[in-house]
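A.B. asks: This is the structure I have questions about; it appears just below.
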Amino acid sequence: IWTAEDYRELLETLWGIYTPVEDALMKIDWRDSGIDILKRRKKDWLEADLTYLGIAPASLRDSHADLPELDTRATGLGALYVLEGATLGGQIILRHLQPVLGISATCGGRFYASYGAQTSAMWRSYLAVLEKEGARPQMADAIEHGAVETFRAFERRLAPVQDAHPSEAAYG
Numbered sequence: 026i027w028t029a030e031d032y033r034e035l036l037e038t039l040w041g042i043y044t045p046v047e048d049a050l051m052k053i054d055w056r057d058s059g060i061d062i063l064k065r066r067k068k069d070w071l072e073a074d075l076t077y078l079g080i081a082p083a084s085l086r087d088s089h090a091d092l093p094e095l096d097t098r099a100t101g102l103g104a105l106y107v108l109e110g111a112t113l114g115g116q117i118i119l120r121h122l123q124p125v126l127g128i129s130a131t132c133g134g135r136f137y138a139s140y141g142a143q144t145s146a147m148w149r150s151y152l153a154v155l156e157k158e159g160a161r162p163q164m165a166d167a168i169e170h171g172a173v174e175t176f177r178a179f180e181r182r183l184a185p186v187q188d189a190h191p192s193e194a195a196y197g
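Using this note's numbering, read the sequence shown as starting at 26 and increasing by one per residue.
See below:
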């Protein structure tokens, strides 16, 4: 990401992925799972960054086309593997954005700042739930399926952005 336009395009694309995926995750019954799904939503962070860049989130459209069906706790845990894992890389991406574009956690980089100092703790708490739920054989396959299909959806959605900027690999 070398220009504000690149960054804006990336955030718009990510918003178009995160919004329907998180909407699907909100419909799953997470009670007694150890997952507080509201604390893990990132759509609001993307919208804050887009607003900072002068983009009205209400003007954007999401699409459920080509996204995995996430309708069980297992497939949801798989999708969360992708979303929560991305927060770890987001810390590195934010460090790149600061000197290049002047983006910081409070100025257009809320999404990549994610949980801030709590990022590692949030990842570990997710992994604890994943380990417990994934220990049941009937859950493990569905968790894997949810993760693989969510990752593939990210690849499909981000391919046009990557094709437009082939030397860059910073996504989300």
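For glycine and all other residues, C-beta sits at the position ideal for the given N, C-alpha and C.
(1) Determine the closest residue to Tyr106 out of Val186, Gly171 and Thr38, with distance taken between C-alpha atoms.
(2) Pairing CB atoms from the stretch 69-77 with CB atoms from the stretch 95-109, are three or more of them under 8 Å?
(3) Give the DSSP-derived three-state secondary structure of Gly110 in the structure shown.
(4) Going by the beta-carbon positions, is the gap between Gly133 and Tyr77 smaller than 7 Å?
(5) As an exercise, report each continuous alpha helix (DSSP H) stretch of at least 4 residues that is fully enclosed by the stretch 29-57, in chain order.
(6) Would DSSP call Gly133 helix, strand or coil?
(7) Buried or exposed: Glu180, going by 16 or more other Cβ atoms within 10 Å of its Cβ?
(8) Give a yes or no on contact between the stretch 56-65 and the stretch 151-162, applying the rule of three or more CB pairs nearer than 8 Å.
(9) From Arg33 to Pro82, what distance separates their C-alpha atoms?
(10) Assign Glu94 to buried or exposed, taking buried as 16 or more other Cβ atoms, counted over all protein chains shown, within 10 Å of its Cβ.
(11) As a quick exercise: from Leu92, Ser84, Lys64 and Gly127, pick the residue whose alpha carbon is nearest that of Thr28.
C.D. replies: Walking through what the data contain:
(1) Translated into the one-based positions of the sequence shown, residue 106 becomes position 81. Check the Cα spacing between Tyr106 and each of Val186, Gly171 and Thr38: the tightest is with Gly171.
(2) no
(3) Locating residue 110 in the sequence shown gives position 85, where the first residue counts as 1. In this structure, Gly110 counts as helix in the three-state DSSP scheme.
(4) For this step, residue 133 is matched to residue 108 along the sequence shown. For this step, residue 77 is matched to residue 52 along the sequence shown. Contact: yes.
(5) 29-51, all fully within the stretch 29-57.
(6) Residue 133 sits at position 108 when you count from the first residue of the sequence shown. Here Gly133 sits in strand by DSSP.
(7) Looking up residue 180 in the sequence shown gives position 155. The residue is exposed, with fewer than 16 neighbouring Cβ atoms inside 10 Å.
(8) Yes, the stretch 56-65 touches the stretch 151-162.
(9) For this step, residue 33 is matched to residue 8 along the sequence shown. For this step, residue 82 is matched to residue 57 along the sequence shown. Those two C-alpha atoms are separated by around 12 Å.
(10) Counting from 1 along the sequence shown, the entry for residue 94 is found at position 69. With fewer than 16 other Cβ atoms within 10 Å, it is exposed.
(11) Locating residue 28 in the sequence shown gives position 3, counting from the first residue. The option with the nearest alpha carbon to Thr28 is Gly127.
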